[in-house]
Amino acid sequence: MALSLDREAFSRRLRRLYASWQKGEDELGGVDAIAVAVGVDEEIVYAKSTALQTWLFGYELTDTVMLFCEERALFLASRKKVEFLKQVAQGKAEGANGLPAITLLVREKNESNKANFEKLLEALKSSRGGRRLGVFSKDKFPGEFMKSWNDALSKEGFEKVDVSAAVAQAMAAKEEVELQLMRKAAAITSEVFTKFFKERVMEIVDADEKVRHSKLAEAVEKAIEEKKYLAGADPSAVEMCYPPIIQSGGNYNLKFSVVSDKSHMHFGAITCSMGIRYKSYCSNLVRTLMVDPSQDMQEHYGFLLQLQEVLLRELRHGAKLCDVYAAVMDVVKKQRPELLGKITKNLGFAMGIEFREGSLVINSKNQQRLKKGMVFSVNVGLSELPARDGKRPEERTYALFIGDTVMVDEDGPAVVLTSVKKKVKNVGIFLKNEDEDEEEPDKDAAEDLLGRSSRAALLTERTRNELTAEEKRRAHQKELAAQLNEDARRRLTEQRGEQQTQKARKSNVSYKSAALLPKEPHVREMKIYIDKKYESVIMPVFGIATPFHIATIKNISMSVEGDYTYLRINFFCPGSALGRNEGNIFPNPEATFVKEITYRASNLKPPGESTVPASNLQNAFRIIKEVQKRYKTREAEEKEKEGIVKQDSLVINLNRSNPKLKDLYIRPNIAQKRMQGALEAHVNGFRFTSVRGDKVDILYNNIKHAVFQPCDGEMIIVLHFHLKNAIMFGKKRHTDVQFYTEVGEITTDLGKHQHMHDRDDLYAEQMEREMRHKLKTAFKNFIEKVEALTKEELEFEVPFRELGFNGAPYRSTCLLQPTSSALVNCTEWPPFVVTLDEVELIHFERVQFHLKNFDLVIVYKDYARKVTMINAIPVASLDPIKEWLNSCDLKYTEGVQSLNWTKIMKTIVDDPEGFFEQGGWSFLEPEGEGSEAEPGESESELEDETFNPSEEDEEEEEDSDEDYSSEAEESEYSKDSLGSEEESGKDWDELEEEARKADRESQYEEEEERGRGRKRKGLPGRGRHPPQKKKRK
């Protein structure tokens, strides 16, 4: 296949070269012609001659002579290369469009080429004065052809002038096409570093391997052959700019000309320099990974980051390179003068087709000016830094080195192209050091209690003291039961007193003394532990369990990068953005504040462990969100009681840049037919405007829960608002309003012939995936803008899909998902939203071994409010629901019977004192059936009465079990309990025959059931409850 040449790029760049020459910039102005000769040398990677060829033609042309004269350009090459160059020579008249006429000469097979050389020399002599010849003096190629050409030049006695720097200046400002290639090169370098090198170093540190620097460097070079590290690039177009340089263990040389030695990697400061070349364009990246860095090392590294920030800020169009260097040195002189002798001699250099442009180095002497589009490798390093706690020779000194590929912009700081994070939390590898125990035999006994002793002792401690998850749940539920009755009694009888105590309880101190710190295994094992009683998060900081009150946490985020999960916690501190009336949050602003903490855990399950290490971070993330939400809600309620006036009318923001989502449907519908419209955020609320012109306003301070339901696993993407006070539209009151759009075909044409390889279907699936991604991005952007607009007073909750369970709160089964403060289902209509803070307790009904489903009853703190019932939850979901409720500090109970909750709640409201004197909610506990049956005896009798099918009041309670016919109950019960009363002595053949008969019978029963279902009143699904008389037999 013939190679193609970009004629437009060639013309544009040749014109730029001639323009620089004609302007007389630097050495170029004094030369009469420019001669460039390229020979064959496999060892020469970077040369100005080959760089100029690549820049002009896109390829290197060996054994080629190029002459640039005043009025024409001559190229002497082999016949094949001349054929290639004809693409630029065709149709170019002399001097057309400011370009010289192009002459192509075919190199003769004999090595003399005398006739061709005479033509070239004649052209040189006729160009301007014909004496001063511009050359690249450092480029010296071997070979007979090059030798004969150089001899011919020498005989003529031309005065040679090195124009390397001037030509480099002309090529330095990159075009957009070149910048795209350099961005791609930088992206590949970032991918290789993040996904291969950094992960490999972490594996080496974790496994305590002995690996030589040179071996690791070779592994990095091999990694670029694998497509997964190349960000989608063609491997044949990717190569290393230089062999990766990896240094550690006190032996550092912060230059790019060194090679990785054969020493073993030392777990301290590990510097890595790597550069990747994509389609001849270079990039460079330098990072230092620090294993258990000391405080001094972290401070020095922070200062290095500060210097790089100054450097990037100074790299702007028109600035002199020496001025950029001086600005950085001024910061060092003012803040850390002792480091002046330890900083690298230069701070970077220009890059492009050549890795290092020697004439554009950032140092104290370079007077060259920066231009927009130039790309630099900026590198700042500190070497020979002493380590105070170093004992061995390799631990006594260390070096820190950071570098990036950056692009000079017109205004503002330089743009970083290598987007690899470089803060301490991103490059620090923090280990829990178990060796300390052996090195310090006289260690304090208190440290043993924290679990930092030998592995055997740790295992013994675990075996003795740790409880199973079920035992922990039971212990926690007992505490909640006692607290539940006490709180409920106080709330029902002394509501005013409760409000006063709530107000007096406001305090941001986690623990008044160290003795109050919980003695949980999580705390001893240096895991994140959330103490809900004191609303505090206990985190390991440098090996010490440190409590932080929930009020000090600004926000938290969790992300998965490769095989690791990262939990980042940001704190309020002086200088951070605060809302109104939050000025008193810092009683002592002169104290030292923590701004952020990041924890990392692996997503890979270690052998022999039941869970992955990252599950602790995921649980901590969820529980912190819940505690934070509860705290914020309580604070907001207190502020409201202090007299904050709500705005009743929407304040319109006339700015056109308001956050806006178009093409949404509203539920419930404004009219009989559903209509599209746009949702727009204003100063104090949302306004939905339909295509017909109908308006629905929702104020921010009237939103109780704002839920964002992504389209993962769903056919619609939803923004749901559960309101504090109902609003009126469509002539009805509504507490729930949602805005949604469909992301795929909700209905499928079954008559259409489908094939798994049908191109139309594959295309439709691809389009749907793209649509889902686009919609999710649009909704997330809208949410972020709204949260910023409201200063995070309105916070959108995303349901935790992994904690979801199926159930039927209304007529149909749907997926119910917890959020940080509620249990919701937003995809089905009507929606289901229960605020967890309003829940008193949860009771599970019909929990029996032979039943596939159970029911869940939600009792609210407002006893006058009707209980909520969720039917037909699969038994497999019981344990996960218990775990979730326990983590939310919600009391739950379970029983085998279905209770008449209408009568129970009426009894409690009529005589609360009597109810709590008889034991309160303890009648629901399973052990209440035995020796402790007295407190709940009256209630048991009550429920026995309610399930008599002959009662006349069965039509009054729509939600209770007597609404359904006993025939339906028996038929459903027979299905659920098939095989439950079988004799144990039957063989497999008999059992299979009985199963077949049961299947046939169940088909008839289903047909009969459908016939009855048309006549039956009430909710479907409750008929599964077995009759109570049968149970009592």
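So the sequence shown is numbered by my numbering: it starts at 502 and just counts up by one.
Yeah, the Cβ is synthetic: ideal placement off N, Cα and C, and Gly gets one too.
Query                                                                                                                   : Result
Presumed contact (8 Å Cβ cut-off) between residue 690 and residue 786, rounded CB distance                              : 5 Å
Buried or exposed (CB count within 10 angstroms, at least 16 for buried), residue 514                                   : buried
Span of the beta strand (DSSP E), counted from its first residue to its last, around residue 852                        : 849-852
One or two residues paired with residue 929 in a DSSP bridge                                                            : 791
Whole-angstrom distance between residue 589 and residue 1065, CA atom to CA atom                                        : 53 Å
C-alpha distance - residue 1549 paired with residue 916, whole-angstrom precision                                       : Nothing about residue 1549 can be read from this structure; the chain reaches only from 502 to 1534.
Simplified DSSP assignment, three categories, for residue 797                                                           : helix
For residue 678, three-class secondary structure by DSSP                                                                : helix
DSSP three-state assignment for residue 1237, whether helix, strand or coil                                             : strand
Whole-angstrom distance between residue 649 and residue 575, CA atom to CA atom                                         : 18 Å
Residues that residue 991 bridges to, as DSSP identifies them                                                           : According to DSSP, which records beta bridges pairwise, residue 991 is partnered with nothing at all.
Whether residue 637 touches residue 537 by CB criterion (8 Å)                                                           : yes
Same chain only: Cβ atoms within 6 Å of residue 1035, ignoring 5 sequence neighbours per side                           : 1011
Helix, strand or coil at residue 585 according to DSSP, with G and I counted as helix                                   : helix
Neighbour-count burial assignment, residue 1524, 16 or more Cβ in a 10 Å radius                                         : Only weak support is given to the placement of residue 1524: the predicted model assigns it a pLDDT of 41, under 50, and the value that follows is read from those uncertain coordinates. Answer is buried; the Cβ neighbour count reaches 16.
Same chain only: Cβ atoms within 6 Å of residue 1056, ignoring 5 sequence neighbours per side                           : 1071
Close-in-space but distant-in-sequence residues of the same chain around residue 939 (CB under 6 Å, 5 per side omitted) : Low local confidence applies: a pLDDT of 42 at residue 939 is under 50, so the model's placement there is unreliable, with the coordinate-based value given in what follows. Correct list: empty, nothing qualifies.
Whole-angstrom distance between residue 558 and residue 504, CA atom to CA atom                                         : 11 Å
Buried versus exposed call for residue 1098 [16 or more other C-beta atoms within 10 Å across all chains shown]         : buried
Limits of the alpha helix (DSSP H) - the one that residue 1067 falls within                                             : Looking at the DSSP string, residue 1067 is not in any alpha helix (DSSP H); the run it does join, the beta strand (DSSP E), is 1065-1072.
Counterpart residues of residue 456 in DSSP-defined beta bridges                                                        : In the structure displayed, the chain extends from 502 to 1534; residue 456 sits before or after that span and is not available.
Assigned secondary structure, residue 514 (DSSP; H/G/I helix, E/B strand, else coil)                                    : helix
Boundaries of the alpha helix (DSSP H) in which residue 899 is found, first to last residue                             : Counting along the chain, residue 899 falls outside any alpha helix (DSSP H), though it belongs to the beta strand (DSSP E) covering 898-908.
Best match in 707, 1043, 692 and 755 for proximity to residue 726 [C-alpha to C-alpha]                                  : 692
Burial state of residue 833 (16 or more Cβ within 10 Å)                                                                 : buried
DSSP beta-bridge partners of residue 1196                                                                               : 1190
Nearest-angstrom Cβ-Cβ length linking residue 1038 and residue 1029, presumed shorter than 8 Å                          : 7 Å
Cα-Cα separation between residue 1541 and residue 744, rounded to whole angstroms                                       : One cannot answer for residue 1541 here, as it falls past the ends of the chain, which runs 502 to 1534.
Straight-line Cα distance separating residue 1027 from residue 871                                                      : 51 Å
Straight-line gap, residue 1417 to residue 1293 (C-alpha atoms, nearest Å)                                              : 41 Å
Three-way DSSP call (helix, strand, coil) for residue 1204 in this model                                                : strand
Option nearest residue 714 by Cα separation, candidates 698, 707, 729 and 708                                           : 698
For residue 1128 and residue 1054, the rounded distance between their alpha carbons                                     : 11 Å
contact_flag[the stretch 624-637, the stretch 655-668] where n(CB pairs < 8 Å) is 3 or more                             : yes
Identified DSSP bridge partners for residue 1049                                                                        : 1038
Distance, residue 749 Cα to residue 1270 Cα                                                                             : 46 Å
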